[in-house]
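Novice: My questions all concern the structure below.
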Amino acid sequence: DDSALALIKKAGVLKIGTTGDYKPFSYKSPNGELTGADISMAQELAASLSVEPEFVPTTWKTLLEDFKAKKFDVLVGGITVDAARAEVGDFSVPNVKDGKRPIARCEDQTKYSSIDAINQPSTRVIVNPGGTNDKFAHEHFTDAKIAVFPDNRVIFDEIAANRADVMVTDGVEVDLQSKLHPGVLCPTKVTEPFTHFENAYLVRKDPALKAAVDDFVRKQLDDGGWKAKLDAAMK
Ligand SMILES: O=C(O)C(=O)C[C@]1(C(=O)O)C=C[C@@H](O)C=C1
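In our numbering, the protein residues as written are 1282 to 1516.
Here it is in structure tokens:
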């Protein structure tokens, strides 16, 4: 049996790709420590396979390339399910349902309430490169000014400091960053998120590995393990 799962067990190591720049899922603190709800999940996933986790850094721009180059077996950390990714690997059972919404300074809470309200020549949209936010912004905000800001760990400080006005990103991140910048950043009042999507783990194509990851995720969803990890990371 030389399935990917068998090779992982033989090596005693599960290689986990993650960007480390997306709270609450995957976050590398300045002292180099990786934390987050999906990091805890990956550690427990490895333990459930009786192997050690080895985290491999990647970026939103390069994660497909890195996945194809077999730098890791599983990709975790707020990964949106999409067709291009599903071509190179298998997505696990999803652990998050979300949608993109705007975050802005609290005084602009009612100003940026729709795509049209944001897409004005006077609006300074800010976006992180390489992921689905980047695609969304360039597709919908053709009349606004778009600044592509490379460091996703401090991008929200740009809006707080009035160097940008608004960012459209995953709802979970909007809610957490509003909490982390109390009274300064707020979710804007939208009737409906601008998109709907799911997050899941991208797994090396191997039926045995996919089944093991799915079993693990399902169990975490059923027994409240995932919810506890997410709640702990939402602060
Ligand atoms: O590409 C994806 O999978 C994402 O959802 C990631 C993405 C993005 O869209 O840029 C979403 C929120 C985070 O701020 C970082 C990255």
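The beta carbon of each residue, even a glycine, is placed where N, CA and C say it ideally should be.
1. With three or more beta-carbon pairs closer than 8 angstroms as the criterion, would you say the segment 1455–1468 touches the segment 1285–1298?
2. Within 10 angstroms of the Cβ of T1423, are there 16 or more other Cβ atoms? Answer buried if so, exposed if not.
3. From E1454 to G1411, what distance separates their C-alpha atoms?
4. Ligand 2 and Y1303: does the residue's C-beta get closer than 7 angstroms to at least one heavy atom of that ligand?
5. Would the beta-carbon of L1286 fall within 8 angstroms of that of A1442?
6. Between the C-alpha atoms of E1325 and P1402, what's the straight-line distance to the nearest angstrom?
7. Comparing the CB of N1433 with every heavy atom of ligand 1, is any distance shorter than 7 angstroms?
8. Answer with buried or exposed for G1358, where buried requires no fewer than 16 other C-beta atoms within 10 angstroms of its C-beta.
9. Taking all protein chains shown into account, do 16 or more other C-beta atoms lie within 10 angstroms of the C-beta of D1487, making it buried, or fewer, making it exposed?
10. Contact between the segment 1457–1464 and the segment 1328–1340 is defined here as three or more beta-carbon pairs at a separation below 8 angstroms; is this criterion met?
11. Examine the Cβ distances between the segment 1392–1406 and the segment 1420–1434 and report whether three or more of them are shorter than 8 angstroms.
12. So, for N1433: in the same chain, excluding its five sequence neighbours on each side, which residues have a beta-carbon less than 7 angstroms away from its beta-carbon?
13. Based on the DSSP output, what are the partners of V1484 in its beta bridges?
14. Assuming R1517 and F1475 are in contact, meaning their beta carbons sit under 8 angstroms apart, how far apart are those beta carbons, in whole angstroms?
15. Please classify E1473: does DSSP put it in a helix, a strand, or coil?
16. Taking all protein chains shown into account, do 16 or more other C-beta atoms lie within 10 angstroms of the C-beta of A1509, making it buried, or fewer, making it exposed?
Specialist: According to the structure shown:
1. Not touching, per the Cβ criterion.
2. Under this definition T1423 is an exposed residue.
3. Spanning the two alpha carbons is a distance of roughly 17 angstroms.
4. Ligand 2 is absent from the structure shown, which contains only ligand 1.
5. By the CB criterion at 8 angstroms, L1286 and A1442 fall outside the cutoff.
6. Rounded to whole angstroms, the gap between the alpha carbons of E1325 and P1402 is 47 angstroms.
7. Relative to ligand 1, N1433 has its C-beta within less than 7 angstroms of a heavy atom.
8. Per the 10 Å Cβ criterion, buried.
9. It counts as buried.
10. The segment 1457–1464 is not in contact with the segment 1328–1340.
11. Yes, the segment 1392–1406 is in contact with the segment 1420–1434.
12. Within the same chain, and ignoring the five residues on either side of N1433 in sequence, the residues whose Cβ sits closer than 7 angstroms to its Cβ are D1302, Y1303 and N1409.
13. In the DSSP assignment, V1484 is bridged to V1355 and D1371.
14. Outside the shown range of the chain, which is 1282 to 1516, sits residue 1517, and nothing can be said about it.
15. DSSP places E1473 in coil when its eight states are reduced to three.
16. Burial call: exposed.
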